[in-house]
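Positions in the sequence shown are counted from 1; adding 517 to them yields our numbering.
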Amino acid sequence: MINVNPETISRLIALAQAFHAKEDVVIPQEPNSPSDDWALQALADHADDENFNEFESIIDDLEPDQQQEVVALLWLGRDDAPLEDWDALLMQAREQWNDRTAEYLIAHPFLAEYLRAGLDMHGYESD
518 MINVNPETIS RLIALAQAFH AKEDVVIPQE PNSPSDDWAL QALADHADDE NFNEFESIID
578 DLEPDQQQEV VALLWLGRDD APLEDWDALL MQAREQWNDR TAEYLIAHPF LAEYLRAGLD
638 MHGYESD
């Protein structure tokens, strides 16, 4: 069970889709962890993007444990581990957490699909 409101996750999905649909967004590779700083460099050109700004605002308004849940949801939806290992994913997200969660998340080109899959695995329907 997740503690982040599924409607909040659905809004993040919509914003990620809109952000990644733009032709000028190029993200060179998958980040390995939330602490990787290359995501900041890749996203520097998009600081004035309305979708990114709203996405970042929503993430920044979440408590750290909720941010960690969103990261774990990404990893779950990406098939890094099965649902049975949800607690281990949360623990890993806690250990790797930093204040650049929004940048880490949005740097994944398939973020919307991963979050949607993670929600589905938890039994929630996403829009």
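Note that beta-carbon positions come from the ideal geometry of N, C-alpha and C, so glycine has one too. What you are looking at is a predicted structure, and each value in this text was computed from that prediction instead of being measured.
Asked: Tell me the DSSP secondary structure of PHE627 in three-state form.; Found: coil
Asked: Go through its chain and collect everything with a Cβ distance to GLY635's Cβ below 6 Å, but skip five positions before and after it.; Found: LEU590, LEU593 and GLY594
Asked: Starting from ASP578 and walking both ways along the alpha helix (DSSP H), at which residues does that stretch end?; Found: 567-578
Asked: Cβ atoms of ILE576 and THR618: under 7 Å apart, would you say?; Found: yes
Asked: Taking all protein chains shown into account, do 16 or more other C-beta atoms lie within 10 angstroms of the C-beta of LEU606, making it buried, or fewer, making it exposed?; Found: buried
Asked: Thinking C-beta only, is GLU571 closer than 7 Å to LEU600?; Found: no
Asked: So, under 8 Å CB-CB, VAL521 and VAL587 are touching, yes? Tell me the CB distance rounded to an integer number of Å.; Found: 6 Å
Asked: Would you say ASP565 lies against chain B (beta-carbon separation less than 7 Å)?; Found: Absent here is chain B; the protein component of the structure consists of one chain.
Asked: Cβ atoms of TRP614 and GLN583: under 7 Å apart, would you say?; Found: no
Asked: Using C-beta distances below 8 Å, list every residue in its chain close to MET518, excluding the 5 sequence neighbours before and after it, in chain order.; Found: HIS639
Asked: Give me, in chain order, the residues of the same chain whose beta-carbon lies closer than 6 Å to that of GLN534; leave out the 5 immediate sequence neighbours on both sides.; Found: ALA629
Asked: Please report the straight-line C-alpha distance between ASP565 and ALA538, rounded to a whole angstrom.; Found: 16 Å
Asked: Nearest by alpha-carbon distance to ASP616: which of TRP603, ASP597 and GLU580 is it?; Found: GLU580
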